[in-house]
Amino acid sequence: MEKRKDYIIEIFKKNRALLKGPDWETMPPHEDWESDQQKGIEEPPPQKAYPKDAPIIDLISRNHFSSRDFPTTVLDAISNRRSRRNFSESPLTRKELSFLLYATQGIRKVGPDERHGQKRAVRRTVPSGGSRHPFETYLVIQQVEGVSPGIYRYLAFEEQLLFVKSIEDASIAETLSKLTFSQSFVGKSAVLFIWTVIPYRTEWRYSILSYKDILIEAGHVCQNLYLACEAINAGTCAILAYDQKGFDEFIDVNGEEEFTVYIAPVGKQK
Ligand SMILES: Cc1cc2nc3c(=O)[nH]c(=O)nc-3n(C[C@H](O)[C@H](O)[C@H](O)COP(=O)(O)O)c2cc1C
181 MEKRKDYIIE IFKKNRALLK GPDWETMPPH EDWESDQQKG IEEPPPQKAY PKDAPIIDLI
241 SRNHFSSRDF PTTVLDAISN RRSRRNFSES PLTRKELSFL LYATQGIRKV GPDERHGQKR
301 AVRRTVPSGG SRHPFETYLV IQQVEGVSPG IYRYLAFEEQ LLFVKSIEDA SIAETLSKLT
361 FSQSFVGKSA VLFIWTVIPY RTEWRYSILS YKDILIEAGH VCQNLYLACE AINAGTCAIL
421 AYDQKGFDEF IDVNGEEEFT VYIAPVGKQK
């Protein structure tokens with residue numbers, strides 16, 4: 181194997197360290213990275229705030245769908261799952277979109293968490309280290325029955341969609357293709373899921389130990405999307421090849437306190 185330049189070897193080492201647990205021998209003294217929770221600083225909100233007069237669309241509540249609506253078995257969803265890049269032009273129904281959102285970030289329960297001394301811990305349909313759930317879900321909607329094309333954000337507590345901004349219908353497929361380095365199937369999706377992270381939600385408890393945790397959690401979210409898609413005759417494909425700055429600007433997040441971590445186009449199977 182060809183010997184690499186020393187500074188590149190250092191970058192490999194530094195980046196591989198993210199995949200490992202902490203090396204307690206070389207960690208800085210704990211008092212220097214004590215978490216904000218340990219310092220008694222108030223917990224950040226579990227969902228990003230929004231203007232109370234913002235346009236809102238109601239989703240179908242979890243209470244109004246059951247396994248009769250989605251009869252595919254877990255065994256079939258797991259066995260059929262694959263990355264799907266060919267979407268039909270059929271729209272998703274609002275109920276189907278509601279199900280996908282519930283499957284990926286829906287709220288199961290809000291209640292006490294004795295292990296972490298919290299009165300109101302949020303439990304969702306996916307696991308999260310310490311139940312911190314650092315993600316927000318944005319959608320680029322092109323084909324959902326009864327929903328105008330545009331960018332929206334999932335309000336999991338309210339079971340609603342927050343309208344973020346409209347998109348120029350004519351150029352959206354091209355824009356999404358450009359933002360994913362010419363992966364044109366992304367622009368042909370009925371809905372594009374864009375997950376952002378607000379790292380402070382996890383850092384508040386885990387401080388400098390947060391990052392491996394966050395990346396693993398993003399995988400849990402997307403896997404639920406894959407499986408839920410199989411249950412509605414739709415498909416998705418995890419996408420990591422995307423333009424970071426371009427997506428952050430596209431959905432109006434600041435790229436520091438909140439930024440895109442993962443995206444996944446969804447459409448009905450052909
Ligand atoms: C983290 C991650 C990133 C990926 N990024 C892309 C991508 O940018 N473009 C793409 O077409 N597929 C992407 N994929 C999908 C993989 O190519 C796919 O999972 C792999 O080929 C195996 O196929 P399967 O999912 O059908 O089993 C990604 C998958 C993962 C888990």
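For the sequence shown, this note's numbering assigns the number 181 to the initial residue and increments by one for each residue that follows. In this text, a Cβ means the ideal position worked out from N, Cα and C, and glycines have one as well.
As assigned by DSSP and simplified to three states, the class of residue i
| i | result |
| --- | --- |
| Lys183 | coil |
| Phe361 | coil |
| Tyr135 | As displayed, the chain neither begins before 181 nor continues past 450, which places residue 135 out of reach and without an answer. |
| Leu199 | coil |
| Gln340 | strand |
| Lys392 | helix |
| Ser263 | strand |
| Ile221 | coil |
| Ile258 | helix |
| Leu356 | helix |
| Asp238 | strand |
| Ala350 | helix |
| Lys425 | helix |
| Ser407 | In the sequence under discussion, the amino acid at residue 407 is Leu, which differs from the Ser named in the question. Of the three classes helix, strand and coil, the one that applies to Leu407 here is helix, per DSSP. |
| Lys228 | coil |
Any chain E beta carbon closer than 9 angstroms to residue i
| i | result |
| --- | --- |
| Ile443 | Among the chains of the structure shown, chain E does not appear; only one protein chain is present. |
Burial state of residue i (16 or more Cβ within 10 Å)
| i | result |
| --- | --- |
| Leu127 | This structure gives no information on residue 127, because the portion of the chain shown stretches from 181 to 450. |
| Leu239 | buried |
| Ser263 | exposed |
| Pro271 | buried |
| Tyr386 | buried |
| Trp204 | exposed |
| Tyr422 | buried |
| Gln227 | buried |
| Gly201 | exposed |
| Leu341 | buried |
| Thr206 | exposed |
| Leu199 | exposed |
| Ser247 | exposed |
| Glu190 | exposed |
Close beta carbons around residue i, own chain, < 7 angstroms, minus the five adjacent residues each side
| i | result |
| --- | --- |
| Thr252 | Glu410 and Ala411 |
| Ser311 | Asp293, Ala301, Val302 and Arg303 |
| Ile321 | Val327, Pro329, Gly330, Tyr332 and Val371 |
| Asp216 | Trp384 |
| Tyr164 | This structure does not reach residue 164, given that the chain is present from 181 up to 450, and the question cannot be answered. |
Residues sharing a beta bridge with residue i, DSSP
| i | result |
| --- | --- |
| Asp293 | Gln298 |
| Arg303 | Lys289 |
| Lys345 | Ile331 |
| Val433 | In the DSSP output, where bridge partners are listed per residue, Val433 has none listed. |
| Gly415 | Gly447 |
| Thr376 | Glu316 and Thr440 |
| Leu277 | Bridge partners of Leu277: none, in fact. |
| Val324 | Leu272 and Val327 |
| Val371 | Ile321 and Val446 |
Nearest-angstrom Cβ-Cβ length linking residue i and residue j, presumed shorter than 8 angstroms
| i | j | result |
| --- | --- | --- |
| Lys450 | Asn266 | 5 angstroms |
| Trp375 | Val401 | 6 angstroms |
| Arg274 | Val327 | 7 angstroms |
| Arg333 | Tyr282 | The pair is not a contact, with the Cβ atoms about 15 angstroms apart (cut-off 8 angstroms). |
| Ser369 | Val441 | With 8 angstroms as the limit, Ser369 and Val441 do not qualify as a contact, their Cβ atoms being about 18 angstroms apart. |
| Ile287 | Ala336 | 5 angstroms |
| Gln285 | Thr317 | 5 angstroms |
| Val377 | Phe439 | 7 angstroms |
| Leu277 | Val324 | 5 angstroms |
Residues near residue i by beta carbon distance below 6 angstroms, same chain, minus five either side
| i | result |
| --- | --- |
| Glu397 | Ser308 |
| Ala418 | Cys402 and Ala444 |
| Ser346 | Gly330 |
| Pro231 | none |
Neighbourhood of residue i by C-beta distance below 8 angstroms, restricted to the same chain and skipping five residues each side
| i | result |
| --- | --- |
| Asn434 | Asp428 |
| Leu407 | Val254, Ala257, Ile258, Arg261 and Ala283 |
| Ala350 | none |
| Leu405 | Leu280, Ala283, Thr284, Phe373, Thr416, Ala444 and Val446 |
| Ile394 | Pro314, Val377, Pro379, Thr382 and Val441 |
Cβ-heavy atom distance, residue i to ligand 2, below 8 angstroms
| i | result |
| --- | --- |
| Ser263 | The model depicted lacks ligand 2 and carries ligand 1 instead. |
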